[in-house]
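Undergrad:
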Ligand SMILES: NC(=O)c1ccc[n+]([C@@H]2O[C@H](COP(=O)([O-])OP(=O)(O)OC[C@H]3O[C@@H](n4cnc5c(N)ncnc54)[C@H](O)[C@@H]3O)[C@@H](O)[C@H]2O)c1
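Residue numbers (our numbering): 424 to 770.
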């Protein structure tokens with residue numbers, strides 16, 4: 424029996440995405456979490472230490488501040504990068520772009536998240552679409568939560584030869600739950616000023632053949648996004664054919680109004696009850712009983728957990744860049760097994 428290769432992964436930025444990526448890396452059989460770096464010295468990084476993750480300051484100054492806060496840092500980011508094969512940069516929008524020159528100088532492979540511009544890596548990643556083109560690359564960008572869900576669902580219809588064009592309205596969460604106290608809209612809805620909103624064109628950067636137009640509105644809640652879609656099919660189809668197309672993705676999960684999953688909070692509560700870390704919903708949760716097909720048109724809605732949907736994609740992007748696995752279906756299977764995807768509500 425051969426021992427699988429293991430690689431050491433650094434996570435820079437231990438916020439909403441970073442702490443979920445760190446936990447997901449630690450759950451994989453072929454990856455070791457080398458450590459996490461941040462600028463903070465509060466409860467968030469204290470929790471990283473409590474979980475046994477080696478902690479690093481973003482700079483020597485941050486490391487000293489961590490020492491003063493008795494967080495027992497293992498060193499600074501430079502030490503972490505020295506001890507790692509690859510780094511996942513989960514720092515805030517635009518901060519990651521400022522780090523990539525350093526990664527390039529050190530010759531360490533790197534992944535950035537959806538807040539960065541395409542030009543930062545010149546490559547975007549969604550596991551089911553372009554794993555192959557990421558193999559052995561220096562870097563990639565995991566696309567945003569909305570783009571991941573749009574591409575995941577539209578590609579399933581495309582693979583089945585059913586997709587002609589898609590038009591969607593996105594109800595976007597106002598802010599992330601842990602920072603509600605810092606701001607966010609209340610008692611109003613805020614339409615995005617432009618039609619199409621940027622999410623449609625973003626999806627087209629991943630697959631230029633997608634005929635997709637989106638409109639978006641910010642809503643006063645923090646649980647996740649809700650997408651409503653009208654899809655023009657290539658031909659008359661049955662509801663079962665459309666559902667079968669969605670079944671071709673292991674990361675699209677069906678939920679049912681009839682089972683009491685009637686709102687975003689109920690789905691999130693189900694994730695808590697299943698025991699997912701941070702109540703993560705990694706899948707696109709699509710209402711099976713709501714989906715309607717009339718002739719050549721399909722109508723459906725799904726929930727996107729913006730904080731969680733990109734986590735399995737990030738894990739697959741690590742395997743692709745490191746060429747840990749050349750077959751995307753094998754990587755997806757490993758990631759899914761480690762994260763319990765898709766979720767089950769039956770024994
Ligand atoms: N929050 C979401 O729903 C979401 C979804 C998909 C993609 N993204 C993308 O993921 C990236 C990270 O977003 P987030 O929501 O996790 O942000 P966040 O603000 O929750 O976390 C960022 C973390 O980085 C730390 N940090 C700040 N400056 C740093 C520096 N110079 N060096 C090291 N650490 C530093 C912060 O202290 C914080 O812990 C962004 O590109 C964002 O667009 C976010």
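A virtual CB, placed ideally from N, CA and C, is assigned to each residue, including glycine.
For residue 605, count neighbouring Cβ atoms within 10 angstroms of its own Cβ and tell me buried if that reaches 16, exposed if not.
TA: It is exposed - the Cβ of residue 605 has fewer than 16 other Cβ atoms within 10 Å.
Undergrad: I need the boundaries of the alpha helix (DSSP H) containing residue 757, first residue and last residue.
TA: Unbroken alpha helix (DSSP H) run through residue 757: 751-762.
Undergrad: So is the beta-carbon of residue 733 under 7 Å away from any non-hydrogen atom of ligand 1?
TA: For ligand 1, at least one heavy atom lies less than 7 Å from the Cβ of residue 733.
Undergrad: How is the beta strand (DSSP E) around residue 479 delimited, first residue to last?
TA: Counting along the chain, the beta strand (DSSP E) containing residue 479 begins and ends at 478-480.
Undergrad: Which residue wins for smallest C-alpha separation from residue 689, given the options 672, 708, 674 and 671?
TA: It is 708 whose Cα lies nearest to the Cα of residue 689.
Undergrad: According to DSSP, which residues form a beta bridge with residue 720?
TA: Per DSSP, 655 and 717.
Undergrad: Can you tell me whether residue 681 is buried or exposed, with buried defined as 16 or more other CB within 10 angstroms of its CB?
TA: It is exposed - the Cβ of residue 681 has fewer than 16 other Cβ atoms within 10 Å.
Undergrad: Between residue 551 and residue 525, is the Cβ-Cβ spacing less than 8 Å?
TA: The answer is no: Cβ separation not under 8 Å.
Undergrad: Residue 588 and residue 634: beta carbons closer than 8 Å?
TA: Yes, the pair counts as a contact, with Cβ atoms nearer than the cut-off.
Undergrad: For residue 646, verify whether its CB is less than 7 Å away from any heavy atom of ligand 1.
TA: Result no, Cβ not under 7 Å from ligand 1.
Undergrad: Beta-carbon separation of residue 536 and residue 733 under 8 Å?
TA: Cβ atoms of residue 536 and residue 733: closer than 8 Å.
Undergrad: Okay, do the region 426-441 and the region 718-727 touch, 3+ Cβ pairs below 8 Å being the bar?
TA: No, the region 426-441 is not in contact with the region 718-727.
Undergrad: In chain order, what residues of the same chain have a beta carbon less than 7 Å from the beta carbon of residue 544, not counting five sequence neighbours either side?
TA: Within the same chain, residue 544 has close Cβ partners 535, 562, 563 and 564.
Undergrad: If you measure between the beta carbons of residue 470 and residue 478, is that distance less than 8 Å?
TA: Not a contact, by the Cβ cut-off of 8 Å.
Undergrad: Is the beta carbon of residue 437 within less than 7 Å of some heavy atom of ligand 1?
TA: Indeed, a heavy atom of ligand 1 lies less than 7 Å from the Cβ.
Undergrad: Below 8 Å between beta carbons: does that hold for residue 625 and residue 570?
TA: Going by C-beta atoms, residue 625 is nearer than 8 Å to residue 570.
Undergrad: Mind checking which residues open and close the beta strand (DSSP E) that includes residue 677?
TA: Start and end: 675-678.
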